[in-house]
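Engineer: Residue numbers (the numbering used here): 57 to 553.
We treat Cβ as the ideally placed atom computed from N, Cα and C, and that holds for glycine.
Remember, it's a predicted structure, so these values are computed and weren't measured experimentally.
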Ligand code: NAI
Ligand code: MG
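1. Return the chain-ordered list of same chain residues with a C-beta closer than 6 Å to the C-beta of residue 312, the five sequence neighbours on each side being excluded.
2. Count the other CB atoms within 10 Å of the CB of residue 202; is the residue buried (16 or more) or exposed (fewer)?
3. Looking only at C-alpha atoms, which of 434, 416, 544 and 409 sits nearest to residue 460?
4. Between the Cα of residue 98 and the Cα atoms of 112, 85 and 88, which residue gives the shortest distance?
5. Within 10 Å of its beta-carbon, does residue 446 have 16 or more other beta-carbons around it, so buried, or fewer, so exposed?
6. I want to check one thing, is the minimum distance from the CB of residue 458 to the heavy atoms of ligand 1 below 8 Å?
7. With a threshold of 8 Å on Cβ separation, who are the neighbours of residue 514 within its own chain once the five nearest residues in sequence on each side are excluded?
8. For residue 543, collect the residues of the same chain with a Cβ closer than 7 Å to its Cβ; drop the 5 residues on either side in sequence, then sort them by chain order.
9. Along the chain, where does the alpha helix (DSSP H) containing residue 368 start, and where does it finish?
10. Following a CB-centred definition, is residue 223 positioned closer than 8 Å to any heavy atom of ligand 1?
11. Restricting to runs no shorter than 3 residues, where is the beta strand (DSSP E) found entirely within the region 125 to 173?
12. Would you grab the beta carbon distance between residue 115 and residue 287 for me? Rounded to a whole angstrom, and I think it's under 8 Å.
13. Could you tell me the distance, in whole angstroms, from the CA atom of residue 505 to the CA atom of residue 90?
14. Quick one: complete alpha helix (DSSP H) runs, 4+ long, within the region 243 to 275?
15. Nearest CA to the CA of residue 431: which residue from 466, 384, 473 and 301?
16. Cβ of residue 240 within 8 Å of any heavy atom in ligand 1?
17. Quick check: the Cα distance between residue 463 and residue 270, rounded to an integer number of angstroms?
18. Could you please give me the residues that DSSP links to residue 545 through a beta bridge?
19. How would you label residue 549, buried or exposed, when you count the other beta carbons within 10 angstroms and need 16 or more for buried?
20. How about residue 166: is its Cβ closer than 8 Å to a heavy atom in ligand 2?
21. On the criterion of 16 or more Cβ atoms from any shown chain inside 10 Å, does residue 206 qualify as buried, or is it exposed?
22. Once you ignore the five residues that flank residue 261 on each side, which residues in its own chain have a CB closer than 7 Å to its CB?
23. Who are the near neighbours of residue 523 in its chain, counting only those whose CB is closer than 7 Å to its CB and skipping five residues on each side?
24. Counting pairs of beta carbons, one from the region 98 to 110 and one from the region 387 to 398, are three or more of them closer than 8 Å?
25. Let me check one thing: in DSSP terms, what residues is residue 321 bridge-paired to?
26. Could you say which of 472, 470, 132 and 403 lies nearest to residue 252 if we only look at CA atoms?
27. Which one of 373, 525 and 434 has the shortest CA to CA distance from residue 482?
28. With a cut-off of 8 Å on the beta carbons, I'd call residue 546 and residue 210 a contact; round off their distance for me.
29. Taking 8 Å as the line, does the beta carbon of residue 99 fall inside it for any heavy atom of ligand 2?
30. Where does residue 471 sit, in a helix, a strand or coil, going by DSSP?
31. Any chance the CB of residue 399 is under 8 Å from a heavy atom of ligand 2?
32. Are there any heavy atoms of ligand 1 lying less than 8 Å away from the beta-carbon of residue 463, as far as the coordinates show?
33. Comparing alpha-carbon positions, which option in 399, 328, 182 and 552 lies nearest residue 353?
34. Pull up the CB-CB distance for residue 232 and residue 190, whole angstroms please, since I reckon it's below 8 Å.
35. Given this structure, state the Cα-to-Cα distance separating residue 168 from residue 458, to the nearest angstrom.
36. Measuring alpha carbon to alpha carbon, tell me which of 412, 182 and 135 ends up nearest residue 156.
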C-alpha cells in the first residue's frame with residue numbers, strides 16, 4: 057500500500073524531499089542516465105533549496121529518444137487498434153488517480169504551488185487521459201460525393217513523432233493535455249519538461265509504462281531549453297511540436313521547426329483582461345478577479361492580470377478587493393496557503409523589476425508591492441499579492457506579461473472603451489466578463505479578440521473546451537476535439553470504379 061497524503065506531506069516537510077523520486081531520462085521504456093553522465097538540480101521554490109536532481113540531457117539523448125519514438129511508431133503503436141489505444145489511456149487515467157497524492161506532493165515541491173492546486177492539476181491530468189481515451193475510436197473520416205463512378209474518402213492518420221516542450225507553471229497538466237490527444241491519434245511522444253520542474257513528467261512516464269504502453273511510445277528527456285529542447289524541435293524526424301512558454305522561445309521554436317516544415321502548436325503568453333461592469337454580481341466578480349490573478353501566484357498564461365472596471369464601481373470594488381487581497385495567506389505550498397511562492401529566483405527578480413518600475417513611474421500600489429518569505433521559515437521565493445491602480449493603457453505593466461501575483465487596474469467609461477482596452481495589447485489569449493446583462497456580455501464576447509471567453513466565471517470549462525491564443529499568444533488549439541485533429545494528417549483517397 058502506497059503512502060497516503062498526510063504521510064507524504066509529513067515526509068516532505070520533515071526531509072525537504074520525497075524518497076524514490078525519478079532521476080533519469082525515460083527512453084524506450086527504460087530509465088537511462090544522460091550520455092554525458094551529467095545531472096542537474098531541481099529546486100523547491102518554497103525553501104529556495106535544491107531537493108532532487110535529474111539527468112542533464114543533450115543532443116545525444118534526444119537522438120536516442122526520437123529514434124525510439126520513430127521505431128515504436130512504425131512497429132507497435134501503428135499496429136494497435138483505436139480501441140486498444142483507448143484502453144491504454146483509460147488505464148493511464150486510473151493510475152494517475154491511484155498515485156494522485158504522490159504526484160501532487162512532488163508537483164508541490166518542484167513547482168511551489170499550494171497543495172490543493174497541485175491536487176487539482178493531477179485530477180485534471182487524469183481527466184485529460186480519460187477524455188481522449190474515449191475519443192480514440194471516434195476519429196472518423198468522411199466520404200466525399202464525386203458521383204457513382206468514384207469512391208472518395210478521407211483518413212485521419214497520425215502525424216508521426218511529436219515533441220512536447222512544457223513550462224514550469226503547470227508541469228503535469230500541460231503535459232497531460234498535449235500527450236493524451238497525441239497518443240489517442242496514434243502518435244508517439246518525446247517530452248522535454250521545463251528544467252525547473254522535471255519530476256512529474258518522469259513519474260508520468262513510469263505510470264504510462266505500468267499502463268502497458270509499449271516501449272518507445274512515450275519518452276522523456278530532461279535538460280535545459282538550449283541543450284535538450286533546441287535539438288528536439290530541430291530534429292528532422294519530429295513531425296509536430298507542441299510548445300508552451302514565452303513568446304521569445306516560441307519564436308525560436310517556430311524558426312527551428314520551419315527548417316524541416318514541422319507543424320507547431322504555440323501556446324504563449326497573455327495579458328488577459330477581466331472586465332467588470334457596474335451591473336455585475338459583486339460577490340461573483342470579486343471571487344473571480346481574486347482567483348484569476350492569485351491562483352498559482354499569477355504564473356498562468358491565461359491569468360486575469362488586468363482588471364478593466366467601470367468607473368462607477370471602481371472605488372467600492374477596489375476597496376473590497378484590496379481588503380480580501382490583504383487577507384490572503386502566503387506560505388510553503390505543502391501547507392496549502394492561499395498563495396505559494398513563485399517558481400524561481402529569476403522569476404521573482406522579474407516581478408520585482410516590473411513593480412519597482414511601476415512605483416518609480418508614480419503608479420499607486422493599492423496593496424502589496426514587495427518581496428516576501430515563508431512566514432514559518434523566512435525562506436523561499438515569494439512576492440506579495442499586489443494591485444497597481446489606475447494604470448495608463450500604454451504602460452509596460454499593461455502591455456507586458458509579468459507572470460506573478462500582480463494585478464493592473466484600468467478604469468473605463470463605456471462598453472466601447474472596455475473593448476478597446478481588452479484588445480489593446482499584443483496578446484489575445486482569454487478574457488473574463490462580469491455582467492448581468494446578456495446583451496453586453498455577448499457583445500463583448502463577439503468583439504474581444506481572444507481564443508477563449510469566460511462569462512461570469514473565470515477559468516470556466518475543462519478539457520472539453522478548446523484553448524489557445526490569437527496574436528502573440530500563439531496559434532493552434534489544445535484541449536477538446538480540436539487538439540486531437542492537430543495530431544492527425546488527413547489523407548484523401550479517390551478511386552475510379
Ligand atoms: P521559456 O519559454 O524559455 O521555457 C519554456 C520551455 O521551453 C522550457 O521547457 C524550456 O526548457 C524550453 N526552451 C527554452 N529554450 C528553448 C529552445 N531554444 N528550444 C526549445 N525549447 C526551449 O520560458 P521561461 O524562461 O521559463 O520563462 C520566461 C517567461 O516566459 C516567464 O516569465 C513568463 O512570462 C513566460 N512563460 C509563459 C508560460 C505560459 O504558460 N505561456 C509558461 C512559462 C513561462
Ligand atoms: Mg523545481
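Structural biologist: Checking against the coordinates, here is how it stands:
1. 289 and 290
2. exposed
3. 409
4. 112
5. exposed
6. yes
7. 330, 344, 345, 347, 348, 360 and 488
8. 214, 215, 218, 237, 238, 241, 243 and 296
9. 367 to 383
10. yes
11. none
12. 4 Å
13. 44 Å
14. 255 to 266
15. 384
16. no
17. 46 Å
18. 213
19. exposed
20. yes
21. exposed
22. 82, 274 and 276
23. 507, 508, 533, 534 and 535
24. yes
25. 298
26. 403
27. 525
28. 5 Å
29. yes
30. helix
31. yes
32. no
33. 399
34. Contact doesn't hold; Cβ gap of about 15 Å is too wide.
35. 18 Å
36. 182
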